[in-house]
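One structure is given here, and the rest of the page talks about it.
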Amino acid sequence: MCDNHEPRIAAAEGNYPAYDAHAIEEKWIEAWGASNLFAADARESTDRPKKYVLEMFPYPSGDLHMGHARNYTIGDAMARQARMRGFDVLHPIGFDAFGLPAENAAIKHKTQAAAWTYANMDQALATMRRMGFSYDMDRMVKTCDPEYYRWGQWIFLKLWERGLVYRKKNPVNWCPSCQTVLANEQVNEGHCWRCDSEVEKRELEQWYIKITEYSEELLDDLDQLGGWPERVRHMQANWIGRSEGAEVDFTLCDAQGEPIAGEAGKITVFTTRADTLFGCTFFLLAPEYAGLVELVQGTEYEQPVMDVIQGAKRVSQVERAQGEVEKHGAFTGRYVVNPVSGEKIPVWVADYVISDYGTGAVMAVPCGDQRDFEFAKKYDLPIVPIILNEDDPLFERLQHVSGREVDQVSWDQAYAAEGRLVQSGPYTGLCGGKHSEAEQAVVTDLEKSGFGRRSTQYRLRDWLISRQRYWGNPIPAIHCPHCGIVPVPEDQLPVILPENLDLAAGETLAESPQFYETTCPVCGRAARRETDTMDTFTCSSWYFLRYTDPHNAQLPFSREAAKRWMPVDNYIGGIEHAILHLLYSRFFTKALRDMGLLDVSEPFTNLLCQGMVKDQHGDTMSKSKGNVVPPSQVIAPFGADTMRLAILFIAPPEKDFNWDEEAVAGANRFIRRAWRTVWELVQQGVSHTAVVRENLGKAELDLYRERHRTLAKCTEDFDRLQFNTAISAIMELVNAANAYLNAVALGSRNEALATQVATDIISVLSPICPFVAEELWHEALGQTESVYGAPWPSFDAAEALTDEVEIAVQVLGKVRGRTKVAPDASPDVMQAAAEAAVASWIEGKRVVKAICVPGRLVNLVVK
0 MCDNHEPRIA AAEGNYPAYD AHAIEEKWIE AWGASNLFAA DARESTDRPK KYVLEMFPYP
60 SGDLHMGHAR NYTIGDAMAR QARMRGFDVL HPIGFDAFGL PAENAAIKHK TQAAAWTYAN
120 MDQALATMRR MGFSYDMDRM VKTCDPEYYR WGQWIFLKLW ERGLVYRKKN PVNWCPSCQT
180 VLANEQVNEG HCWRCDSEVE KRELEQWYIK ITEYSEELLD DLDQLGGWPE RVRHMQANWI
240 GRSEGAEVDF TLCDAQGEPI AGEAGKITVF TTRADTLFGC TFFLLAPEYA GLVELVQGTE
300 YEQPVMDVIQ GAKRVSQVER AQGEVEKHGA FTGRYVVNPV SGEKIPVWVA DYVISDYGTG
360 AVMAVPCGDQ RDFEFAKKYD LPIVPIILNE DDPLFERLQH VSGREVDQVS WDQAYAAEGR
420 LVQSGPYTGL CGGKHSEAEQ AVVTDLEKSG FGRRSTQYRL RDWLISRQRY WGNPIPAIHC
480 PHCGIVPVPE DQLPVILPEN LDLAAGETLA ESPQFYETTC PVCGRAARRE TDTMDTFTCS
540 SWYFLRYTDP HNAQLPFSRE AAKRWMPVDN YIGGIEHAIL HLLYSRFFTK ALRDMGLLDV
600 SEPFTNLLCQ GMVKDQHGDT MSKSKGNVVP PSQVIAPFGA DTMRLAILFI APPEKDFNWD
660 EEAVAGANRF IRRAWRTVWE LVQQGVSHTA VVRENLGKAE LDLYRERHRT LAKCTEDFDR
720 LQFNTAISAI MELVNAANAY LNAVALGSRN EALATQVATD IISVLSPICP FVAEELWHEA
780 LGQTESVYGA PWPSFDAAEA LTDEVEIAVQ VLGKVRGRTK VAPDASPDVM QAAAEAAVAS
840 WIEGKRVVKA ICVPGRLVNL VVK
């Protein structure tokens, strides 16, 4: 890597080079780049175990911010240490480069989205390079590059072939500000995840990916992800939302109970509590329920129902489902027949019912559901008690009633207690609840009568991927008037996104004839290219696979390359991606596995969600607040090593922390101290001989033991990804080295031990502060190859044991002195040593008891 040379050993104490961060860092940036040091081994296999370390790739909206710096520093420390631990390491980087923010920025700055995006990527790469991240730059992925998004289109076609892509008209989430649709996962409490605008509902024909085909597997396989935070697994489980229950068929009828001619005649609901059917006193439809408008059209009920439908569009589905806002409803003039009681029940439309769960129809049981209870109270609908605790006064009255005696209650809220059924026909007296004997009995009878069946439902809905703006991956489909919708042939991929639209004038792909005018690949006649682009999450759902084989021109990646590197061993990114990106990536992995392209079912073995970096007052950093600390603000005065050390030392990686300028200055002071310590350790000479324990004096033996102790702790903490405590261990080793240097004069030091400790300090510091470590490795130790080709320091925890340990001596609970004893000293020996150490404190008194804690203290109780 550098010219072969002898180490620069100072002739006199203190005569060594000054620490010049910028000169050192510029030197090694050039050297590492020229040697391509961090490229993954190109061979198909090696005898080393693999380690795939990956940080979530950035969106190029500008230069890197402190959150990026923390994320990438954590991953880089992992990757560098893994190399030294003997792993074959893959550590790539790329950019999630499509998306609406770039398009909006291009409009604002009167440029093209591509020009804006590539300029930002160049800036981010320059900052990454300056921070010394050990990326394999030969595997760079940019999702806006046709070489990449071609394969995103190819995967789309393969999903289409397998029936996992379809197009349908449906109520969708529409952001009026972004002028595009959003997936359910991209709506946060009724607002757009990008711009925070209030989301509307619109009826549009859109493209969907059938992620629900994998609902069960996505849920069940969470149990395999022991290396993920429990919080993330819980969030995904809740989002997928499996419910076990039954589908129940209600017959639609008129006021006289006769089936309505010309109607479908049946509405199906999903319920987890079929045992409460006798308490169903009204029936609810979501405002988006298919066929609702036709149900009331031309009747006196049409206008009130339409008012509810229109009003629901102004409230988010999240708010509606939570039921915390005022509820609105209207009677439809229709009824359904309860399949277990034969009772005719009124059908209402209610805005707290949503179409995204179950069937969009609900059997309302107001006695047991608080939202139904509030709705019934507002509209004066019956509330029939059908499940009560045995100690309830009403239970005694109703437990033997065969029919219905009470159809209204004086309660202030729904009755949430479990208990026995009352007023429930043949099921009266049975225990109710989920999976109860009453529930099983009711479902069994429904199955026998043909009005119900066991069912498992999921909250998860298919992934809406259509986007109506410009800067995204074109959907490879063609609309032919004669052949219908047909896929773009594989040999015509990629469908290239034009880069010269007049964005400032609002031009989109739908208004660009040069893009949409084409010919049908089936019949050869004039046709129109699909002008929707894919949700950018489709790009980020498989990029980690492209890294394994980034230059493959025949496939998105080869099965062999993916088998070598997948799954990702350590994945680092923010908790905000717990549902969107991580769920979609898991789905893509499973779907590609089923296509025969992968041998794994999960993409990421271990997941670290790093905490946020906040300003010194605890506020989230943002450009609008003006409190952002860019990496350059630290690198300019101190260098990249100082920034890296401060980021990793201030807090454990999973915790939020407030930016602390004093901690930055302290990190720089420690680097300078470590620099001086290493140079002083080798002032007497660099030894190439092994340390002989038997030849060590007391001062050497103390340093020898401390070396083994701190290396053991540092290594353990690296394994636990607790970099802050690993750094503390490194500091302890530096302190021990300085204690030795102060105790033993130059010329009398053990060269082998001093060289060994200098080597250790450099080695354990190298994942965190790579520039100063590489410089010391070459200049102080005279090495000619990179420190990252050297092994991680070995140690023996048993060697850390000392001949004596210092213990505290207390008299009546107060520390009065200290003494040294053997680590395995008996209580009698400990007491004798303790009494000698505090003789003046116990003179004239009698020791009535000695409390001995081996290796720690003796407490003398005296009278």
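0 is the number of the first residue of the sequence shown in numbering that gives the first Met the number 0; add one for each residue after it.
A virtual CB, placed ideally from N, CA and C, is assigned to each residue, including glycine.
### Message
Is it buried or exposed, Cys522, if we count other Cβ atoms within 10 angstroms and call 16 or more buried?
### Response
exposed
#### Entry: Distance between Leu720 and Met0 (C-alpha atoms, nearest Å)
In this prediction, Met0 scores a pLDDT of 43, lower than 50, which makes its location untrustworthy; the coordinate-derived value is nonetheless stated afterwards. Distance between the alpha carbons of Met0 and Leu720: 30 Å.
#### Entry: Counted within 10 angstroms of its Cβ, other Cβ atoms place Arg42 as buried (16 or more) or exposed
exposed
### Task
Leaving out five residues on either side along the sequence, give the residues of the same chain with a beta carbon under 6 Å from the beta carbon of Cys851.
Pro826, Met829 and Val857
### Query
DSSP on Ala360, reduced to helix/strand/coil?
strand
### Task
Provide the residue span of the beta strand (DSSP E) that contains Trp347, from first to last.
Lys343 to Ala349
### Task
Assuming Asp593 contacts Asn657 (C-beta within less than 8 Å), just tell me the rounded distance between them.
About 46 Å separates the two Cβ atoms, so there is no contact after all.
### Message
For the alpha helix (DSSP H) containing Val771, name the first residue and the last one.
### Response
Pro769 to Glu778
### Reference His21; option with closest CA among Phe637, Val733 and Ala821
Phe637
#### Entry: In chain order, each alpha helix (DSSP H) run of at least 4 residues that lies wholly inside the stretch 609–692
630–637, 639–649 and 660–680
### Message
Using only CA atoms, which one of Gly226, Tyr300, Lys819 and Thr110 lies nearest to Leu502?
### Response
Thr110
#### Entry: Secondary structure of Gly225, DSSP reduced to three states
coil
### Message
Suppose you measure from the CA of Lys312 to the CA of Leu291; what does that come to, to the nearest Å?
### Response
15 Å
### Query
In angstroms, rounded to a whole number, what distance separates the CA positions of Pro16 and Ala757?
16 Å
### Query
Would Tyr703 be called buried (16 or more neighbouring beta carbons within 10 Å of its own) or exposed?
buried
### Message
Tell me which residue opens and which closes the alpha helix (DSSP H) that Arg545 is part of.
### Response
Tyr542 to Arg545
#### Entry: Sub-7 Å separation of Ala751 and Val690 beta-carbons
yes
### Message
Nearer than 6 Å: is that true of the beta carbon of Lys712 relative to any heavy atom of the ligand MN?
### Response
Among the components of this structure there are no ligands whatsoever, and the ligand MN is therefore not found.
### Rounded Cβ spacing between Arg79 and Pro766 (contact assumed at less than 8 Å)
4 Å
### Distance between beta carbons of Val231 and Cys608, contact taken as under 8 Å
7 Å
### Query
Under the rule that 16 or more other beta-carbon atoms within 10 Å means buried, what is Leu554, buried or exposed?
exposed
#### Entry: Contained alpha helix (DSSP H) runs [length at least 4] in the stretch 66–146, N- to C-terminal order
99–107 and 112–129
### Query
At what residues does the beta strand (DSSP E) containing Phe330 begin and finish?
Gly328 to Val336
### Run of the alpha helix (DSSP H) containing Asp866, from where it starts to where it stops
The chain is shown only over 0 to 862; residue 866 falls outside these bounds and no answer can be derived.
### Query
Does the beta-carbon distance from Ala360 to Ile266 come in below 7 Å?
yes
### Task
Rounded to whole angstroms, what's the CA-CA distance from Ala349 to Val408? Just pull it up for me.
22 Å
### Task
Could you tell me how far apart the beta carbons of Ala39 and Asp195 are, in whole angstroms, since I believe they sit closer than 8 Å?
Not really, about 40 Å apart at Cβ, beyond 8 Å.
### Task
Consult DSSP for His4 and reduce its assignment to one of helix, strand or coil.
In this prediction, His4 scores a pLDDT of 43, lower than 50, which makes its location untrustworthy; the coordinate-derived value is nonetheless stated afterwards. Note: His4 maps to coil in three-state DSSP.
### Task
Give the DSSP-derived three-state secondary structure of Thr604 in the structure shown.
strand
#### Entry: Burial state of Thr298, where buried means 16 or more other Cβ atoms lie within 10 Å
exposed
### Query
So, are the CB atoms of Ser454 and Ala245 less than 7 Å apart?
yes
### Message
Let me make sure I understand the geometry here. Which of Val247, Gly617, Gly402 and Leu459 has the alpha-carbon closest to that of Thr443?
### Response
Val247
### Message
Measuring alpha carbon to alpha carbon, tell me which residue in Ile484, Thr275 and Gly189 is nearest Trp159.
### Response
Ile484
### Query
Is it right to say Glu215 is buried, meaning 16 or more other beta carbons lie within 10 angstroms of its own, or is it exposed?
exposed
### Message
To the nearest angstrom, how far is the alpha carbon of Tyr866 from that of Met77?
### Response
Examination of residue 866 is not possible in this model, given that the chain is present from 0 through 862 alone.
### Message
Let's see if you can read the secondary structure: which residues bound the beta strand (DSSP E) around Thr455?
### Response
Gly451 to Tyr457
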